[in-house]
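Everything below concerns the one structure shown next.
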Amino acid sequence: MALQPSGNLLCSAWSCSYVRTAGVTGQQLLDSRTAWIRLSAIIALSSLGGVGMWSVIVTLPYVQAEFGVSRGAASLPYTLTMLGFGAGGILMGRLADRYGVMRPLLGATLMLALGYVAAGLAPSLAIYTLAQGVMIGMLGASAAFAPLVADASLWFQRRRGIAVALAASGNYLAGAVWPPVLTWLIGFYGWRMAHLAVGAICLVTMVPLALMLRARAPGSRGDGFAGHPGEAKPLGLSRNALTAILCCAGVACCVAMAMPQVHIVAYCGDLGYGVARGAEMLSVMLACGIVSRIGSGFIADLIGGLPTLMLGSVLQGAALSLFLFFDGLTSLFALSALFGLVQGGIVPSYAVIVRESFPASEVGMRVGIVLMATLGGMALGGWLSGVIFDVTGSYAAAFLNGVIWNAVNMAIVTTLMLRRRVHLAPA
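What follows is the structure, encoded as structure tokens:
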């Protein structure tokens, strides 16, 4: 299609400048080459900005030694980071809905870089905690997850599921790439210089990538829905009611998900296999989670977001139940791989459901709200499993608790699917 003067704004292949086109509609931009190039930038941004969630874990023992505090006190920056990451996702999503994703992302990149400088120069644990939780977590890294996943959903229709899954995989890629990089930097230059280096890397790499996202998504200023344009009540529910229900489902599934992810290392230590083996199992679980996220994207394109979520929930419950019956070393490695393969696609499914159910102009904020609920579920599940272990002296009851929460998620999703069938049935 030849380019002619017109007033539409698009991103060219590798630039963020305004170009003029004739006869190119928003519908034609969906699933286009421009959309796929934009998705590549989103994955890169998510992988780079995701450092904010992982650096605090890698540097925890060094920070503890530096400031001479307890392990619990040294873990506080991680807790504040996760809370800030979730709350910041809602804020950044709302800003993306209003101004487009580029502006909040540029501001977040600057805040991320300044946050790493502040953390690297922090004279006390309190300053480090504030820099990590507020500047890096809430105002920085949060813009590199939920808003980007939401933006990816706006540029695709036929391949929306795989696009959302790939965008969400950037966070897992960050977990695979950044820890060894940080370990190397800390080994050679110390944890403070490593923070300064990370800040510089993020600033130099993320700004040009963010500028590639200058164009607004097709229809992002309107109220059109992906599935039923102009529909005021998705699934026969008010928008806020459906959002609240999805949040409840997100909490339930992620409380279950947290049991193996958060406690597999300690569980292996208790069984006598050693924490190193548990760390290897966690790596296997996360690696298989990337495969699961991508695979679930293809499935979502075929059957939709809700059925994909139900499939993931059923399989997660089944895999989690197997931990109750097998605790051999080989069995646990196999179960870790299996659990990763079935649970990785659950969280991206929520973003697909939001895009299918809400106006494009609200997707960023509502994806942020629902994903914050999933993070809250992970935090609750990790803590609750530890409490149950303290009370019972074993992880058997904690695994059973996860199975029960997973059943709650299945019940919620089943109810939504039944409402969907009734809602779509001909009058």
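All residue numbers for the sequence shown refer to my numbering, where the first residue is 73 and numbers rise by one.
C-beta atoms are modelled at their ideal positions from N, C-alpha and C, and glycine is treated no differently.
With contact defined as three or more Cβ pairs closer than 8 Å, the segment 455-469 and the segment 415-427 are not in contact. The beta carbons of D223 and S433 sit no closer together than 8 Å. Straight across, the Cα-Cα distance linking P379 with W256 is about 43 Å. Between the alpha carbons of V327 and L220 lies a distance of about 24 Å. Going by beta carbons, L111 and A215 fall outside the 8 Å limit.
For L374, the enclosing alpha helix (DSSP H) starts and ends at 347-375. In its chain, beyond the 5 residues on either side, L281, M284, L285 have a beta carbon closer than 7 Å to the beta carbon of A113.
Looking from the CA of V363, the closest CA among G187, M207, V475, Y244 belongs to Y244. Here Y188 is not near L120, since their CB atoms are 8 Å or more apart.
F398 and L456 have their C-alpha atoms some 22 Å from each other.
The C-beta distance from L447 to M207 rounds to 18 Å, too long to fall under 8 Å, and the pair is not in contact. In this structure, L358 sits near G247, with a CB-CB distance shorter than 8 Å. In this structure the segment 366-380 does not lie against the segment 346-357, because fewer than three pairs of beta carbons, one per stretch, are closer than 8 Å. No Cβ-Cβ contact shorter than 8 Å links A203 with A185. In this structure the segment 401-414 does not touch the segment 140-151; the number of beta carbon pairs closer than 8 Å is below three. Between the C-alpha atoms of D103 and Q229 there is a straight-line separation of about 6 Å.
For G121, the uninterrupted alpha helix (DSSP H) segment begins and ends at 105-121. A Cβ-Cβ distance of about 4 Å is found for the pair Y134 and W263, placing them in contact under the 8 Å criterion.
When the five nearest sequence neighbours on each side are left out, the beta carbons in the same chain lying within less than 6 Å of the beta carbon of L387 are those of V414, in order along the chain. Residue environment analysis places S385 among the buried positions, since at least 16 neighbouring C-beta atoms fall within 10 angstroms of its C-beta. The DSSP-derived three-state label of P290 is coil. Residue state for M265 is assigned as helix, using DSSP reduced to three classes. Inter-segment contact for the segment 388-397 and the segment 341-350 is absent: fewer than three beta-carbon pairs are separated by less than 8 Å. Under the 10 Å beta carbon count, G308 is surrounded by fewer than 16 other beta carbons and is classified as exposed.
Remark: C-beta atoms of N481 and A324 approach each other more closely than 8 Å. A distance below 8 Å separates the beta carbons of V439 and G165.
DSSP, read as helix, strand or coil, puts L383 in helix. In the structure shown, S225 falls within a helical segment according to DSSP collapsed to helix, strand and coil. By the 16-neighbour rule on beta-carbons within 10 angstroms, V485 is buried. The Cβ-Cβ distance between F405 and P306 does not fall below 8 Å. DSSP places G412 in the helix class (H, G or I) of the three-state scheme. Excluding five sequence positions before and after H335, the CB atoms of its chain that fall closer than 8 Å to its own CB belong to G454, S457, G458, F461, Y467, A470, given in chain order. By the neighbour-count criterion, in which 16 or more other beta carbons inside 10 Å mark a residue as buried, S310 falls on the exposed side.
The Cβ neighbour count for T131, taken over all protein chains shown within 10 Å, is at least 16; the residue is labelled buried. Residue environment for T402: exposed (fewer than 16 other C-beta atoms within 10 angstroms of its C-beta).
Counting only the Cα atoms, Y150 lies some 30 Å from I234.
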